[in-house]
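Structure first, then comments.
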Amino acid sequence: MPGKRQDYIGWDELFIAMAAEAAWRSKDPRTQNGACIVSADHTEIAIGYNGFPKLKNKDNDEVFPWIGEGEEAMTERYKFVVHAERNCLDNAKFDLDGSTLYLFSERGYYPCETCAQGILSKGVSAVVMGFAAEGDNLGGSARYGNQAFAATLKMFEAAEIKVRILGPDMARYCYGLASRFLKVAAAVEALHGAANEKC
Ligand SMILES: [Zn+2]
Numbered sequence: 001m002p003g004k005r006q007d008y009i010g011w012d013e014l015f016i017a018m019a020a021e022a023a024w025r026s027k028d029p030r031t032q033n034g035a036c037i038v039s040a041d042h043t044e045i046a047i048g049y050n051g052f053p054k055l056k057n058k059d060n061d062e063v064f065p066w067i068g069e070g071e072e073a074m075t076e077r078y079k080f081v082v083h084a085e086r087n088c089l090d091n092a093k094f095d096l097d098g099s100t101l102y103l104f105s106e107r108g109y110y111p112c113e114t115c116a117q118g119i120l121s122k123g124v125s126a127v128v129m130g131f132a133a134e135g136d137n138l139g140g141s142a143r144y145g146n147q148a149f150a151a152t153l154k155m156f157e158a159a160e161i162k163v164r165i166l167g168p169d170m171a172r173y174c175y176g177l178a179s180r181f182l183k184v185a186a187a188v189e190a191l192h193g194a195a196n197e198k199c
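Numbering (my numbering), first residue to last: 1 to 199.
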């Protein structure tokens, strides 16, 4: 068609970027995972990121421990943290049958067994993942091998859930987007600053 833009972004770029944005909402000092789930026709969307369970009248970050490195500290935190995928499934208020779940995992984690169970029971059709880490910073499947996620993979296979892992270009795209936003924000601030001075 004449006049149509040629460099518009695809669904993968849009939704993995939304998952990445959600990841950066996480207050976890070590791991930022974000998820975005989209209905089969791409019209309904929900997001989630790793965080503590919601509390009605209290700040959950004040109740549960965000403590740093160390095996003991990690084990304590794991008892409370709700994974991005689980939060995403819970946040979605639409029929997830045939939906696609995007997971942006900084360190390269596949969905755990518990999240995989939820993904199956909601009728999700596809899981698309984007990882940001490289080399020694990789965790999850990329580092420990698929055997660590054997149960997840078995469930996905049994339910015929399509799994795709996006290439590193997609992670770079998400980070590029973030830095572009920062540049725009700085430019807007500079403009407003200049306008204010003129007034
Ligand atoms: Zn999980």
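We put the beta carbon where it would ideally sit given N, CA and C, even for glycine.
- If you draw a straight line from the Cα of residue 166 to the Cα of residue 149, it comes to about 18 Å.
- Assignment of residue 104 by DSSP, reduced to helix, strand and coil, places it in the strand class.
- DSSP places residue 156 inside the alpha helix (DSSP H), whose first and last residues are 150-158.
- For residue 126, same chain residues with a beta-carbon under 6 Å away, outside a window of 5 residues either side, are 100 and 162 in chain order.
- Selection 89, 85 and 66 evaluated against residue 78 yields 66 as nearest (Cα-Cα).
- Between ligand 1 and the CB of residue 174, the shortest heavy atom gap is not smaller than 8 Å.
- Residue range 84-91 is occupied by the alpha helix (DSSP H) that includes residue 88, with no beta strand (DSSP E) assigned at that position.
- Contact between residue 102 and residue 174 fails: their C-beta atoms lie close to 11 Å from each other, not under 8 Å.
- The distance from the Cβ of residue 86 to that of residue 118 is about 6 Å, consistent with a contact at the 8 Å cut-off.
- Per DSSP, the unbroken beta strand (DSSP E) holding residue 131 starts and ends at 126-131.
- For residue 16, the uninterrupted alpha helix (DSSP H) run begins and ends at 11-23, by DSSP.
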